[in-house]
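Asks:
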Amino acid sequence: MFDKVLIANRGEIALRIHRACREMGIRTVAVHSTADADAMHVRLADESVCIGPPPARDSYLNIPAIISAATITGADAVHPGYGLLSENAGFAAIVEEHGFVFIGPSPRHIELMGDKVSAKAAMREFGLSVVPGSDGPVADAQAAAKVAAEFGYPLLIKATGGGGGRGMKVVYDEAHLDEALAKARSEAGASFEDDSLYIEKFLGRPRHIEIQIIADTQGDVVHLGERDCSLQRKHQKVLEEAPSPALNDETRERIGALACEAVSRLGYRSAGTLEFLYEDGEFYFIEMNTRIQVEHPITEMISGIDIVREQIRVASGGPLSLRQADVRLEGHAIECRVNAENPETFAPSPGVITDYHPPGGLGVRVDSALYSGYKVPPYYDSLVAKLIVHGGTRNECLMRLRRALDEFVIGGIETTIPLHQRLVADTDFINGEYDIGWLEQFVARKA
Ligand code: MV4
């Protein structure tokens with residue numbers, strides 16, 4: 031096992047990784063920008079290194095500075111967390127070239143999944159259904175028209191280098207195809223390394239369901255069930271739950287087994303998430319995330335498995351501490367993402383935290399790097415806390431979530447807690463009746 035891990039991230043996930051390391055007897059190195067000198071992840075780590083000025087590109091994305099910090103502190107491994115450099119195959123390769131272990135998959139697998147066309151092709155080859163479409167990049171308007179003729183409208187144009195919803199264009203009829211293609215091409219060229227595009231049949235009202243897997247170097251793979259992440263606004267998840275209100279045990283076992291088989295044939299190692307669109311009882315693979323995800327705690331709450339710990343174990347060459355038969359998913363968990371934002375306009379609300387009183391009690395977990403007197407800087411992601419609640423049933427979970435939201439005090443800034451309070455009182459949400467378009471309508475209706 032590693033002696034020392036450098037955590038190449040900030041905020042709650044840096045703290046989450048630090049906690050896993052501490053419990054494994056691993057020392058930690060925090061890196062931070064000048065804006066984060068007083069941050070909780072820096073306070074708790076065994077050592078810290080300042081790696082640059084506030085803008086992330088000069089600090090948390092500054093690869094030479096991070097490699098230097100790992101070298102001078104004598105770290106054995108680097109954990110990238112989520113966002114930032116976590117899915118940068120070049121960074122993973124540089125980390126390894128300098129003799130450190132990258133706590134994640136191989137650069138080859140990051141690269142394969144970063145290209146959404148090669149990800150789809152690989153997963154299709156390994157037995158997963160994908161959304162019908164171009165099965166590769168579309169070279170020009172003529173190629174796009176051929177795809178349209180085969181599959182019909184509506185279609186969705188996606189960027190090969192995109193993901194997470196960036197650079198997508200819906201096309202409802204032939205008259206708008208060329209224009210949408212040109213627009214998507216120029217946007218992709220401006221945003222990604224590669225301006226290539228692919229086309230899928232547009233699914234109208236699917237749910238976003240993702241399967242958590244962990245794989246070790248021995249080729250063993252387990253899945254920990256699904257998360258329903260359909261409640262999103264502008265491609266930002268707002269609330270996630272596990273299990274999905276839309277799946278039964280039989281469906282879960284079927285898609286879980288398919289995901290494990292595909293991951294095993296891929297030769298993948300580490301934690302990972304397979305994203306699917308789920309509509310009319312069918313799953314369509316769309317993307318695979320090769321990082322630990324923001325919403326991983328809901329899976330931990332229903333499985334009792336520390337996913338970050340397993341991720342570190344397998345990165346060090348060790349076997350998974352469990353087999354599929356040991357995995358028991360129990361009860362229900364919901365995560366509310368608390369952002370430093372106005373709950374109606376979503377305008378950022380950085381500033382000093384004057385009061386901080388997180389909820390507690392049985393089945394309540396708060397992952398946050400906040401403390402009273404802390405100043406939320408304006409430079410980074412607005413996520414400041416995750417409230418994760420577990421209950422024996424979905425209804426118990428909801429009752430507990432309502433009381434936990436009512437207890438939560440974050441003074442000095444605006445947060446999205448009031449949005450969550452409205453959400454957990456809504457009949458459609460209570461009934462589990464929602465899809466990927468539902469939250470935007472909820473927000474528009476009540477704002
Ligand atoms: C789709 C889709 C409908 N049809 N693909 C958005 C994020 C990216 N991971 C894929 N996304 C979508 N792909 C087809 N063929 C609708 C979305 C989508 C979406 C997906 C998941 C969660 C929220 C979403 C919000 C808008 C669109």
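Start counting the sequence shown at 31; every next residue gets the next number (this note's numbering). Glycine included, every Cβ here is placed at the ideal spot set by N, Cα and C. Note that the structure is a prediction, hence the values are computed from the model and not measured.
1) Quick check: is any heavy atom of the ligand FAD less than 8 Å from the C-beta of I466?
2) Provide the residue span of the beta strand (DSSP E) that contains E317, from first to last.
3) State the DSSP-derived secondary structure class of I443, mapped to helix, strand or coil.
4) Can you tell me the Cα-Cα spacing of S63 and V108, whole angstroms?
5) Quick one: residues in its chain with C-beta nearer than 8 Å to the C-beta of D106, no 5 flanking neighbours on either side, listed in chain order?
6) Going residue by residue through the region 87-116, where are the continuous beta strand (DSSP E) segments of at least 3 residues, counting only ones entirely within it?
7) What's the gap between the Cα of E42 and the Cα of G182?
8) Should the region 214-229 be regarded as contacting the region 280-288, the criterion being three or more beta carbon pairs within less than 8 Å?
9) Could you check whether the Cβ of H362 sits closer than 8 Å to any heavy atom belonging to the ligand MV4?
10) Are S333 and L304 close, meaning C-beta to C-beta below 9 Å?
11) Is I285 helix, strand or coil by DSSP?
12) Does any heavy atom of the ligand MV4 sit closer than 8 Å to the C-beta of H238?
13) By alpha-carbon positions, which one of L296, D246 and H128 ends up nearest to L158?
14) Assuming E117 and R321 make a contact with CB atoms under 8 Å, what is their CB distance in whole Å?
15) What do you reckon, is the C-beta of E280 under 8 Å from a heavy atom of the ligand MV4?
16) In terms of residues, what are the limits of the alpha helix (DSSP H) holding L400?
17) Which of the three DSSP states, helix, strand or coil, is assigned to N369?
18) Since H71 sits in a beta bridge, which residues does DSSP pair it with?
19) Do K264 and E470 have their beta-carbon atoms positioned less than 9 Å apart in this structure?
20) With distances taken Cα to Cα, identify the nearest neighbour of L350 among P389, Q323, I243 and V454.
21) Which of helix, strand or coil does DSSP assign to G144?
22) Taking C-beta to C-beta, are A272 and D258 nearer than 9 Å?
23) What do you reckon, are the CB atoms on V473 and K416 nearer than 9 Å?
24) Report the three-state DSSP secondary structure of Q172 (helix, strand or coil).
25) Where D111 and L431 are concerned, what is the direct C-alpha to C-alpha distance, given to the nearest angstrom?
26) According to DSSP, simplified to helix, strand and coil, what is Q354?
27) By Cβ distance below 6 Å, which residues in the same chain neighbour A363 in space, the five residues on each side in sequence not counted?
28) Under the assumption that L74 contacts L45 (Cβ atoms under 8 Å), give the Cβ distance between them as a whole number of angstroms.
29) Could you tell me which residues DSSP puts in a beta bridge with H387?
30) Cβ of K188 versus every heavy atom of the ligand MV4: is any distance shorter than 8 Å?
31) Taking contact to mean at least 3 C-beta pairs separated by less than 8 Å, is the region 426-444 in contact with the region 392-407?
32) Going by DSSP in three states, L392 sits in which element: helix, strand or coil?
33) With hydrogens ignored, establish whether the beta-carbon of I241 is closer than 8 Å to any heavy atom of the ligand MV4.
34) S300 and P135 look like a contact to me (Cβ under 8 Å); what is the Cβ gap, rounded to whole Å?
35) When you compare each of I96, G192, L211 and D385 to A173 by their alpha carbons, which one comes out closest?
36) May I ask whether a heavy atom of the ligand MV4 can be found less than 8 Å away from the beta carbon of V168?
Replies: The structure says:
1) In terms of ligand content, the structure shown lacks the ligand FAD and carries the ligand MV4 instead.
2) E312 to N319
3) coil
4) 17 Å
5) F32, D33, K34, V35, F130 and V131
6) 107-109
7) 45 Å
8) no
9) no
10) no
11) helix
12) yes
13) L296
14) 6 Å
15) no
16) Looking at the DSSP string, L400 is not in any alpha helix (DSSP H), and its letter there is neither H nor E.
17) strand
18) H71 is not bridged to any residue.
19) yes
20) I243
21) helix
22) yes
23) no
24) helix
25) Here residue 111 is Gly; the residue named in the question, Asp, does not match the sequence. When rounded, the distance between both Cα atoms is 26 Å.
26) helix
27) A272, I328, M331, I332 and H420
28) 7 Å
29) V439
30) yes
31) yes
32) coil
33) no
34) 4 Å
35) L211
36) no
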